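Everything below concerns the one structure shown next.
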Amino acid sequence: MPHSLLTEIYIFVLAVFVGFQLISKVPSVLHTPLMSATNAIHGIILVGAIALAATVKGPLDVGISVAAVFLATLNVVGGYVVTDRILGMFKKKSAERPTE
């Protein structure tokens with residue numbers, strides 16, 4: 093196993109562990125603001141995926157870049173939908189007007 097691959101695996105495992113520890117300690121009140129912030133980050137990831145997709149050559153590279161753009165788009169749209177639903181729970185419900 094090359095030295096650089098071992099280092100990358102170590103960094104990945106460490107990032108997963110630290111990320112899990114941080115997210116598990118976040119109070120539920122802060123989940124909505126954190127979701128909004130991560131949606132902005134995912135928007136940047138989507139722009140990067142599109143920029144990368146514009147420079148690839150070869151069918152395998154095109155397939156991987158199209159998948160990356162598709163998955164990043166799903167992530168951004170899904171994040172905004174979930175955030176909108178969560179924020180909708182906090183809106184005051186107005187009295188419904190009777191229709192006559």
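Okay, so the sequence shown: first residue is 93 according to the numbering used here, each after it adds one.
All C-beta atoms, glycine included, are put in the ideal place defined by N, C-alpha and C.
Note that this is a predicted model, so its numbers are computed, not measured.
Boundaries of the alpha helix (DSSP H) in which residue i is found, first to last residue
i	result
V168	151-182
T99	95-116
Outcome for residue i when other beta-carbon atoms lying within 10 angstroms are tallied against a minimum of 16
i	result
H95	exposed
A146	exposed
L114	exposed
V168	buried
A159	exposed
Reduced DSSP category for residue i - H, G, I as helix; E, B as strand; rest coil
i	result
V148	coil
P119	coil
The ligand FMN heavy atom lying under 6 angstroms from the CB of residue i
i	result
L179	The model depicted lacks the ligand FMN and carries no ligand whatsoever.
Counting pairs of beta carbons, one from the stretch 166-182 and one from the stretch 143-157, are three or more of them closer than 8 angstroms?
no
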